[in-house]
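S.K.: Counting from -19, one number per residue, gives the positions in the sequence shown under my numbering. Beta carbons are placed, not taken as given, at the ideal position from N, Cα and C, and that holds for glycine. Note that the structure is a prediction, hence the values are computed from the model and not measured.
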Amino acid sequence: MAMPQNSTGENGFCFAQTLDFSRPSPPPGEAGRTFDAPSGREACGTPLSNGTASSGAPSPSDSCAEPLCSTTPGEEETQFGKGIKYVSADGEELACGWGGFTPGCLQLFNTSKGVLFFLCVASFLQGMTVNGFINTVITSIERRFDLRSYQSGLIASSYDIAACVCLTFVSYFGGNGHKPRWLGWGVLVMGLGSLLFALPHFTTGRYETRSAAEVGVCGGNQSLPCAQVASSLSGYRFVFMLGQFLHGMGATPLYTLGVTYLDENVKTNYSPVYIAVFYTAAILGPAAGYLVGGMFLNIYTEIGREIDITPENTLWVGAWWIGFLGAGAASLLISIPILGYPQRLPGSQRYIVMRVSEAHQLKDGSHKKASDPDFGKTVKDLPRSVLLLLKNPTFIFLCLAGATEATLIAGMSTFGPKFLESQFSLSASEAATFFGYLVVPAGGGGTFLGGFLVNKFKLRCSGIIKLCLLCTVSSLLAIFIFFIHCPNMPMAGVTQMYDGSALPGGHLNLTAACNAQCGCLQETYSPVCGSDGIMYYSPCHAGCKKVSENLRNGKKVYHECSCVEKTFLPSPGNAEAGKCTSSCAKRPLLLLFMFVVILFTFLSSIPALTATLRCVSDRQRSFALGIQWIVVRTLGGIPGPIAFGSMIDKSCLLWQDQCGEQGSCYVYQNSAMSRYTLIAGLVYKVLGTTFFIVACLLYKPPPPESAPGSSDASENGNCDLQEHKPSLPAEEDI
C-alpha cells in the first residue's frame, strides 16, 4: 500500500515521498488502510530520507543519508514490518555527478561539508578578484590608462550594476530551480570576466615611461611633445566595466542561492556557522587579493623588460594583470565540481521538517500564502512575492541597514589602500599590503565571530537584530578616529613655497629662483626626497645637476640640488628618488581604530544575514536575499565607490597635467581626505543604527503554538524517539 502525499508542514514543506510497505499479505481488515505522514516534531521519529532507489540496490547517496535520530536495531522492523523502501515521488536523482556519470568516489563529497568547501573556494576567488585585486590595482590602472578616481569608481560599481540587473531573475527562478547548476554556471561566467579584465594589457602597446635618467637633471633635455603624452587609453575603461559586469553576473547566484542551499541542507542551529564559514572565505579572499596583488605590483607590468625606475616611483606600473589570469583559470576549474551537485543533498529533508518558523507575522495573515508548496513556481506569483516582502517591515529595514553598511564597505575597500598610501606616504604595493593586514584579522575574524555568537547563544531573530545594533553602535563610536590625520609630507610648490612659507591662496607654484633656469616640465612627475626632508616634484624642480645610483637600495641619488637646503649631513644638497618616508606618530592609533571599525562592521554581517533568512517564510528565502541584494547594491554598493571617489577627488592637491588635459591625481590633502571620510562614516553609521532600531521594534514573531515542534529541543535539532514516536491513527479515523 502507498502512503498518500497529503501532508504539508508549517514551513511550507510538502512531503513528496511514497513509502512502499511490501508485506506479502496484509492481515484481514487492514486492506486499504492509509496513514497520515507525521509532521512537526513527530517527523523526527521517522527516518525520512531522500533516497531515490526503489529496489533493494543501495543508491550512491545512501551513505550520506543516515537517520538524524538513532534507533535501536530492529525498532523499525518491529513498528512497520520489514521491507520499507523510500521512493522519491518525482524520481529525483540525488547522486553527485554529471548526467549519467556518477562514480562512487564522488559521493564522498556529496555532503553539506563538501558543498561548503567548494562554495568557500568560489567565494574566496570572487572576493580575491572583485574586492581584492581590483581595489589593489586601481591606482595602477588609473596611472596606466589615464583614468580619474570617479572613472575607476564607475568600474568598481559596474559589478553591483550587473548584480542588480540579474538578481530578481536569478533569485526567483533559481530559488525554485536546480541551485547547484545556477551556481556552477555563475562561477564559470565569473571566471570569463576575470580573463576579460586582464585583456587590455595584451591589446595595448608597451607602457612607455620616461626613466629616471630621461626625466633628467637641471639643464637636461626636457622636451616632451604632447603627442607622446596624450593618449586615448581611457577608453579601455569600458572593457574593465564589461569584465566587472560579468563578475557581477557570475557572483549573483553565489550569495543568494549559495546561502540558501547551505541553509536548506544543514540543521537550523548549524546554519549560521556554515554561512559564517562561507562568508569568512569571502572576506579572506580580498585579504589575499591585497597581499598577493601587492606582491604582483612590485613586478613591472612589462615582464622581462629592463627599467631603471623603482616601485616607489609614481610613474611605476606593476603587473596588475597577473592575478586576474590566475583567478579566472581557477574559477573555470572550480565551476566543474559545483555543477555536479544534486538539487538537494541526501538526508536534507529531515532538517526541513525540524525547522521552526520565525517569519514576521503580518496583520492580515497574508504571510501564510508563502507556505503553499505551489507558491513561487510561476511568473504569476512574482508580484505577490514582492508584495509579501514589501509588507514585511523587519525585512525592509534590515535591507536598508545593509545598504548603509555596504556603502561604507564598498567605498573603503575601493579607496582604503589609496587612503593609507596618502596618509602614510606609501607606495601603492605597500599600501595594498598594509590594508590586507587590516582586513585579514578584522574582516575575516569579525565575519566568523558573528556567526559563532549567533550559534553559541542560540539567538532568535529579535536577539540577532539587537546584536547587529550593538555592533553598529560600537563601530559608530570608533569612526570618530578620523578626526585625526597624518600631516602631508612637505612638498615644495605644492604644500608650501620653496622657502618654506605658505602658498599664497593655495595655488601651485612649482617654479622658483633656484630652478628657473632649468626649463622643467610639469608633465614629468617624478618626486624626489631632498636631504632636507622636503619632497620635490622632480629632480629638475629640485635643481639637481648630477645623478648616481645608491648601491645599497638601488635608488637614484641626485647631487648638487640648488633648491635643497644644505645641512650638516655628509651629502648636503642631495635628493633620492621616491617619496619621503612619513614618520607620523598617529599611525598606530589610526590603524588600531580602523581595525576596530572593520571588525565591528563585519561582525554584524552574518547576524544581519541570518535575521533576514529567519524573518521571511522558508519558500521566500532565496527571493528575499535577491531583493535584499538589489536594495543593498542600488543604495549602497553602486553609489558607494562613486561617491567616495568624488569626495577623494575633491581633496586632490596636485593633478596630472597632460598638455592641458587633467589626468589622475598625484597628491591628496590628508586633512581633507580624513574629514570627508569622517562625514561619510558618521552619516551612514547613524542611518544604519536607526534602521536596526526600527527593525527590532517592528519585528513581530509568530506565537509559540504556530510553529511545529516549538520547544527548544526541536529548534536545536534534538528529538527523543523514546518519548515522541509516530502513532498510528485511531480506529475511528480509518
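Among E556, I578 and F671, which residue has its Cα nearest to the Cα of E292?
M.R.: Per the Cα distances, E556.
S.K.: Decide yes or no for the touch test of the region 457 to 465 against the region 654 to 668: beta carbon pairs closer than 8 Å, at least 3 of them.
M.R.: Touching, yes, given that three or more Cβ pairs across the two stretches are closer than 8 Å.
S.K.: For the region 211 to 237, which segments carrying the beta strand (DSSP E) assignment without a break, of at least 3 residues, lie completely within its bounds, in sequence order?
M.R.: Taking only runs of at least 3 residues, no beta strand (DSSP E) segment lies wholly in the region 211 to 237.
S.K.: Tell me the rounded alpha-carbon separation between S39 and N249.
M.R.: Unreliable placement is indicated for S39, whose pLDDT of 42 sits below 50; no coordinate value is reported for it.
S.K.: Just grab the DSSP bridge partners of M392 for me.
M.R.: Answer is none; M392 lacks a bridge partner.
S.K.: What do you reckon, is the C-beta of P467 under 6 Å from a heavy atom of the ligand ZN?
M.R.: Ligands displayed in this structure: none; no statement on the ligand ZN is therefore possible.
S.K.: Alpha carbon to alpha carbon, what distance is there between S407 and N495?
M.R.: Looking at the two C-alpha atoms, the distance is approximately 27 Å.
S.K.: Looking at T716: is its Cβ nearer than 7 Å to the Cβ of G668?
M.R.: Nothing about residue 716 can be read from this structure; the chain reaches only from -19 to 714.
S.K.: Taking the alpha-carbon of C379 as reference, which of C676, P681 and K535 has the nearest alpha-carbon?
M.R.: Ranking the options by Cα distance to C379, first place goes to C676.
S.K.: Suppose you measure from the CA of M574 to the CA of A458; what does that come to, to the nearest Å?
M.R.: Answer to the nearest angstrom: the Cα atoms are 8 Å apart.
S.K.: By DSSP, does S405 sit in helix, in strand, or in coil?
M.R.: Correct three-state label for S405: coil.
S.K.: For A307, collect the residues of the same chain with a Cβ closer than 8 Å to its Cβ; drop the 5 residues on either side in sequence, then sort them by chain order.
M.R.: Only L105, M108, T109, F113, G171 and S174 meet the Cβ criterion.
S.K.: Mark E10 as exposed unless 16 or more other C-beta atoms lie within 10 angstroms of its C-beta, in which case mark it buried.
M.R.: Low per-residue confidence applies at E10: pLDDT is 43, beneath 50, and the placement is therefore not dependable, though the value from the model is reported in the following sentence. So E10 counts as exposed.
S.K.: CA-CA distance, I610 and L418?
M.R.: Their backbone Cα atoms lie some 28 Å apart in a straight line.
S.K.: Hey, out of T561, A493 and V219, whose CA is closest to S511's CA?
M.R.: The shortest Cα separation from S511 among T561, A493 and V219 belongs to T561.
S.K.: From D692 to F428, what distance separates their C-alpha atoms?
M.R.: Reliability of the predicted coordinates at D692 is poor, the pLDDT of 39 falling under 50, and the value obtained from them is presented with this limitation in mind. Those two C-alpha atoms are separated by around 24 Å.
S.K.: Based on the DSSP output, what are the partners of F81 in its beta bridges?
M.R.: BP columns for F81 point to W78.
S.K.: Give a yes or no on contact between the region 240 to 256 and the region 590 to 610, applying the rule of three or more CB pairs nearer than 8 Å.
M.R.: They touch, by the three-pair rule.
S.K.: Opposite Y510 in the DSSP bridges: which residues?
M.R.: Note that residue 510 is Gly in the sequence shown, not Tyr. G510 is bridged to A555.
S.K.: Could you spell out the range, first to last residue, of the beta strand (DSSP E) harbouring V537?
M.R.: Element bounds for V537: K536 to H539.
S.K.: Which of the three DSSP states is assigned to E529 in this structure?
M.R.: Strand.
S.K.: Do D629 and S129 have their C-beta atoms closer together than 7 Å?
M.R.: For D629 and S129, yes; Cβs fall inside 7 Å.
S.K.: Per DSSP, which residues does Q476 bridge with? Please list them.
M.R.: The partner list for Q476 (beta bridge, DSSP) reads A472.
S.K.: Since F125 is in the alpha helix (DSSP H), which residue starts that stretch and which ends it?
M.R.: It spans I114 to F125 - the alpha helix (DSSP H) in which F125 sits, taken as one unbroken run.
S.K.: Of all the options F98, L447 and P621, which has the alpha carbon lying nearest to the alpha carbon of L234?
M.R.: It is F98 whose Cα lies nearest to the Cα of L234.
S.K.: In angstroms with no decimal places, state the Cα-to-Cα distance between G606 and T614.
M.R.: Each residue's alpha carbon lies about 12 Å from the other.
S.K.: Quick check on the DSSP output: the alpha helix (DSSP H) that includes S315 runs from which residue to which?
M.R.: First-last of the alpha helix (DSSP H) with S315: I302 to L319.
S.K.: Would V577 and S455 be called neighbours here (beta carbons separated by less than 7 Å)?
M.R.: Yes, they are a contact pair.
S.K.: Cutting at 6 Å between CB atoms, please list the residues of its own chain near A267, excluding the five before and the five after it.
M.R.: Closer than 6 Å at the Cβ level, and outside the excluded window around A267, lie G416, V419 and V420.
S.K.: From the DSSP output, which residues share a beta bridge with Y280?
M.R.: According to DSSP, which records beta bridges pairwise, Y280 is partnered with G298.
S.K.: Just reading off the alpha helix (DSSP H) that G625 is part of, what are its end residues?
M.R.: P619 to K630 is the span of the alpha helix (DSSP H), which, as asked, contains G625.
S.K.: Quick one: what does DSSP say S542 is sitting in, helix, strand or coil?
M.R.: In this structure, S542 counts as coil in the three-state DSSP scheme.
S.K.: Name the one or two DSSP bridge partners that Y648 has.
M.R.: Its beta-bridge partners are C632.
S.K.: Pick from A309, A588, P568 and K680: whose alpha carbon is nearest that of I461?
M.R.: Comparing Cα positions, the closest option is P568.
S.K.: Let me know the secondary structure DSSP gives A192 once reduced to three states.
M.R.: Bear in mind that the predicted position of A192 carries a pLDDT of just 49, short of 50, making it too unreliable to give a figure here.
S.K.: Quickly, what does DSSP pair Q642 with across the bridge? List them, please.
M.R.: Per DSSP, D637.
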